[in-house]
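**Student:** Heads up: the protein sequence lines correspond to chains Z and C, in order.
Each residue of the first sequence is one higher than the last, beginning at 1 in this note's numbering.
Each residue of the second sequence is one higher than the last, beginning at 1001 in this note's numbering.
Sending over a structure as structure tokens; questions will come in a sec.
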Amino acid sequence: MKDRRLLGYLFVFAATLLVPAVVHDTFLLRVFTEAVMWIGLAVTFDVLAGYTGYLNFGHSAFFGIGAYTTAILMVRAGWHFAPAAVLGGAAAGIGALIAGFPTLRLRGAYFAIATWALARAIQQLVLIMDVTGGPDGMRLPAFLSPRFFYYVMLGLVGITFFAYWFLLERAPFGLKLKAVREDEQGAKALGLNPTKLKMQAFILSAVPTGIIGGVFAYWVTFIDPASTLGDLVSDQALVMVVFGGMGTLVGPVVGAILIFAFKTAFWAYLSDYEVLYIIILGAVIAGSVVFLPNGVLGVLPQRGRRNGPSPEEKGPGAVLPETEGGNSHG
Amino acid sequence: MAEPILVVDNLTKNFGGLAAVSEVSFQVHPKEIVGLIGPNGAGKTTLFNVISGYFAPSRGKILFQGKNISGKPPYVLAGRGIGRTFQVVKPFPGLSVLENVVIASFLRHPKRARAEEHAWKVLEFTELADKAHQSAASLTLAGRKRLEIGKALALDPTFLLLDEVVAGLNPTEVDHTIDLILKLRDRGITILIVEHIMRVIMRISDRLVVLNFGQKIAEGPPGEVARDPGVVEAYLGGGEA
Ligand SMILES: Nc1ncnc2c1ncn2[C@@H]1O[C@H](COP(=O)(O)OP(=O)(O)O)[C@@H](O)[C@H]1O
Ligand SMILES: [Mg+2]
């Protein structure tokens, strides 16, 4: 059952490898590359949001840390792109380790606020530092090969997807995370260390996000605090995940494709009405939270989908064990 | 008698000014079933939470298999062999019954396939196998209480804390659960059980420990404890049974 699904994923992945053979238009290939990037950002966001119930409003920070680390190493230290981007991922992972230590003990809403604030702090820091170029941003050596970036992005996001599939859907790790999401206190009694598991998920979310940021920096050749560290990455990833279906692997992919397609079409034809875009996006999210609690994917009849309350309804609670005094007398 | 498996030594747990458990000492020996009784609010669940690592003791200590375990977190204690159920059951509602038990099975069987095999055995034993693929939220109260026992059991514990696993069940289900508990003892598991239903606790316990307002007021064989004037007073005084 699961294996047949994996075959499906591999088939889709193989098909996307052929895109540059069919799409010769440079602009269109850029659009495809960006779509793949957003799939990556949505899937990485969902590792934490969907599997542990924590909404990371600082997801953009990982992306920005990866982008800036890559840019600094390439521009200031003369590194090659690949090791620089890998180090960008490592830097994001270390960022997660440091940020996760205090924040992952918090309850869901406080975590969301804390990560958002941390991301803002990092953005401010980048604005005042010299090595980052401050508000002027950084220009990277230009490498103008749309195909190269399409394949790098696709390879990176593909590897991330299949690694996640193995860890979250195959290995015990995914089930353990879900246990923590459903009931942290109950999970502890079964030998699970919730803080450690959440930390692992956080790092698992951060590292590929950082590398994606590094690829993005080299691809667009110019980065500044607004484009890499702004709220857009976190907000858009959240929207994609909620719309597509939280807590699944395919949901964020579907959500990313649909939202990104809509966004691209909108900008192509209605770019004068930016406010309208925001309004529509907001309405779509409100609508999908109310009418599609499991996202677009939840509308399809499927086996093995969770049917309990979603994490947003319940919140990842750090509730103490029960201490009630007045019930259940035989 | 053999070395005690659990030693509760002068244990106190305060919540602010309230001593929910106050200077309580008792021991549990291997393969015993010890009943922990007392009126509502006596501190039974709090004592369970301290023994299983959810609260650190305010004073006193707990030895498990001769080692001081005071203040160790629950997930470490699960690894040491302490399993527990929750009075307010804690199924993972969005997951299937099987997945619930598989998660517990990972403790002793880190590989998924082995964990599933083990989980199936536990489901057979607890008679939940036919509901394995249902969501845990869809179970009846009796089913959820049995799942609670199943999850604790999947940890292969040497010592089990059962907090009101019978309360709220109908008489047939009660008998069913009693049989299950006795079978666990036959497997060599030591049990500390909180239960309000006297018929149950008298039948299965080798020994009783009685708490009232956080303090131990009596300890001994069920027949003796039931005649203890202090115990009778606590129950009549508290209007509880
Ligand atoms: N987390 C807590 N915070 C404050 N008071 C608590 C807490 N847990 C239990 N209590 C209080 O401790 C006392 C004992 O409660 P409990 O252990 O649940 O009793 P029992 O299980 O015997 O009914 C009660 O007065 C209860 O209100
Ligand atoms: Mg209680």
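We put the CB at the ideal spot given by N, CA and C, even for glycine.
(1) In chain Z, which residues lie less than 8 angstroms from Leu1107 (chain C) when you measure between Cβ atoms?
(2) Who are the Cβ neighbours of Ala114 (chain Z) in its own chain at under 7 angstroms, not counting the five residues just before and after it?
(3) Determine whether the Cβ of Lys198 (chain Z) lies closer than 8 angstroms to any Cβ atom of chain C.
(4) Can you name the residues of chain Z whose CB is closer than 7 angstroms to the CB of Tyr1075 (chain C)?
(5) For the candidate residues C:Thr1172, C:Asn1170, C:Thr1177 and C:Pro1171, whose alpha-carbon lies nearest to that of Leu1299 (chain C)?
(6) Under 8 angstroms, Cβ to Cβ, is there at least one residue of chain Z near Ile1204 (chain C)?
(7) Does DSSP put Gln200 (chain Z) in a helix, in a strand, or in coil?
(8) Can you tell me which of the three DSSP states Val12 (chain Z) falls into?
(9) Give me the DSSP bridge partner(s) of Gln1215 (chain C).
(10) Can you pull the chain C residues whose beta carbon is under 7 angstroms from the beta carbon of Ala179 (chain Z), in chain order?
(11) Count the C-beta pairs between the segment 249 to 267 of chain Z and the segment 52 to 70 of chain Z that are closer than 8 angstroms, then say yes if the count reaches three, no if not.
(12) Could you tell me whether any Cβ in chain C is nearer than 8 angstroms to the Cβ of Gly308 (chain Z)?
(13) Does at least one heavy atom of ligand 1 sit under 7 angstroms from the Cβ of Gly1035 (chain C)?
(14) Find the nearest neighbour of Val1050 (chain C) within the set C:Lys1061, C:Asn1040 and C:Thr1126, judged by alpha-carbon distance.
(15) Using only the alpha-carbon positions, how far apart do Ala142 (chain Z) and His59 (chain Z) sit?
(16) Here's a check: name, in chain order, each residue in its chain whose Cβ is nearer than 6 angstroms to the Cβ of Leu281 (chain Z), leaving out the five neighbours to either side.
(17) Which residues bound the beta strand (DSSP E) around Thr1172 (chain C)?
(18) Which same chain residues end up closer than 7 angstroms to Val71 (chain Z) when comparing Cβ atoms and leaving out the 5 residues on each side of it in sequence?
(19) Can you check whether the C-beta of Pro1222 (chain C) is within less than 8 angstroms of a C-beta belonging to chain Z?
(20) Regarding Asn1212 (chain C) and ligand 1, is the C-beta to nearest heavy atom distance less than 7 angstroms?
(21) What does Asn1014 (chain C) pair with, by DSSP beta-bridge criteria?
(22) Would you check if there are 3 or more beta carbon pairs closer than 8 angstroms linking the segment 80 to 96 of chain Z to the segment 201 to 214 of chain Z?
(23) Is Leu1184 (chain C) near Leu1161 (chain C), with beta carbons less than 8 angstroms apart?
(24) Quick one, which of Z:Thr132, Z:Tyr150, Z:Leu190 and Z:Pro172 has its alpha-carbon nearest Val1076 (chain C)'s?
(25) Give the C-beta separation of Pro1093 (chain C) and Ala1136 (chain C) to the nearest angstrom, bearing in mind that I take them to be a contact with Cβ-Cβ under 8 angstroms.
(26) Verify the CB distance criterion: does Pro1157 (chain C) have a CB-CB separation below 8 angstroms to chain Z?
(27) Taking Val296 (chain Z) and Phe262 (chain Z) to be in contact with their CB atoms under 8 angstroms, please state how far apart those CB atoms are, rounded to whole angstroms.
(28) Classify Thr1140 (chain C) as helix, strand or coil using the three-state DSSP reduction.
(29) Name the one or two DSSP bridge partners that Leu1162 (chain C) has.
(30) Within 10 angstroms of the Cβ of Tyr273 (chain Z), are there 16 or more other Cβ atoms? Answer buried if so, exposed if not.
(31) Which same chain residues, not among the five before or five after Leu118 (chain Z), have their C-beta less than 8 angstroms away from its C-beta?
(32) Compute the beta-carbon to beta-carbon distance between Val1194 (chain C) and Leu1153 (chain C), rounded to the nearest angstrom, for a pair I have assumed lies under 8 angstroms.
(33) Can you confirm whether Thr1126 (chain C), when its beta carbon is compared against all beta carbons of chain Z, has any partner nearer than 8 angstroms?
(34) If you measure between the beta carbons of Pro1030 (chain C) and Ile1069 (chain C), is that distance less than 8 angstroms?
(35) Report yes or no: is there a C-beta of chain Z within less than 8 angstroms of the C-beta of Leu1011 (chain C)?
**Tutor:** This is what the structure gives:
(1) Leu190 and Gly191
(2) Thr103 and Leu106
(3) no
(4) Lys188, Gly191, Leu192 and Asn193
(5) Limits of chain C in this structure are 1001 at one end and 1241 at the other, which puts residue 1299 (chain C) out of reach.
(6) no
(7) helix
(8) helix
(9) C:Asn1212
(10) Phe1092 and Ile1103
(11) no
(12) Note on Gly308 (chain Z): pLDDT 39, under 50, position unreliable in the model; the coordinate value appears next. Closer than 8 angstroms: yes.
(13) no
(14) C:Lys1061
(15) 26 angstroms
(16) none
(17) No beta strand (DSSP E) holds Thr1172 (chain C); the alpha helix (DSSP H) holding it covers Pro1171 to Asp1186.
(18) It should be pointed out that residue 71 (chain Z) corresponds to Ala in this sequence rather than to Val. The answer, listed in chain order, is Met138, Leu140, Ala217 and Ile223.
(19) no
(20) no
(21) C:Ala1019
(22) yes
(23) no
(24) Z:Leu190
(25) 6 angstroms
(26) no
(27) Their Cβ separation, rounded to whole angstroms, is 12 angstroms, which puts Val296 (chain Z) and Phe262 (chain Z) out of contact at 8 angstroms.
(28) coil
(29) C:Ile1193
(30) exposed
(31) Gly58, Ala61, Ala99 and Thr103
(32) 17 angstroms between Cβ atoms; not a contact.
(33) no
(34) no
(35) no
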